[in-house]
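Engineer: The sequence shown begins at 258 in the working numbering and counts up one residue at a time.
All residues carry an ideal CB built from backbone N, CA and C; glycine is no exception.
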Amino acid sequence: MSNNRVIGRVIDVGQRDAPSNPDPIMTTDGAEEYEVDRIIAHRVHKKNGFTYLVCWKGYAEHNATWEPAANLRNAQAAMQTYMRSAVAHDDRTAGGR
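1) Between Tyr316, Asn305, Ala321 and Met283, which has its C-alpha nearest Ala327's C-alpha?
2) Quick check for students: name the residue ranges of the alpha helix (DSSP H) that lie wholly in the stretch 290-331, counting only runs of 4 or more.
3) Is the beta carbon of Trp323 closer than 8 Å to that of Thr338?
4) Applying the criterion that 16 or more other CB atoms from any shown protein chain within 10 Å of the CB defines a buried residue, is Val344 buried or exposed?
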């Protein structure tokens with residue numbers, strides 16, 4: 258008798274069932290842009306200023322990337338939504354101190 262136990266198994270879902278990421282949007286000047294789903298965090302760098310952790314529309318959250326504010330010029334709605342939630346979070350946490 259073996260001491261090995263089966264604790265799970267890998268199931269090959271095949272290529273047809275694998276999620277596909279959307280293609281970038283081509284701008285009028287030929288540059289590629291991706292659509293922002295939401296911004297989930299920010300940080301401040303001494304050299305680069307603010308950077309934001311961006312979740313991209315159609316991509317899994319583990320594909321989120323840190324982007325400088327300059328890269329988010331066309332995502333003002335997502336930026337405003339994030340800033341409102343960040344300010345609300347700061348207000349809630351400041352009151353508890």
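Structural biologist: Based on what the coordinates show:
1) As a first step, residue 327 must be located in the sequence shown, where it is residue number 70. With distances taken between Cα atoms, Ala327 lies closest to Asn305.
2) Runs found: none.
3) Position 81 of the sequence shown, counting from 1, holds the residue named residue 338. Position 66 of the sequence shown, counting from 1, holds the residue named residue 323. Going by C-beta atoms, Thr338 is not nearer than 8 Å to Trp323.
4) In the sequence shown, residue 344 corresponds to position 87, counting from 1. Classification for Val344: exposed.
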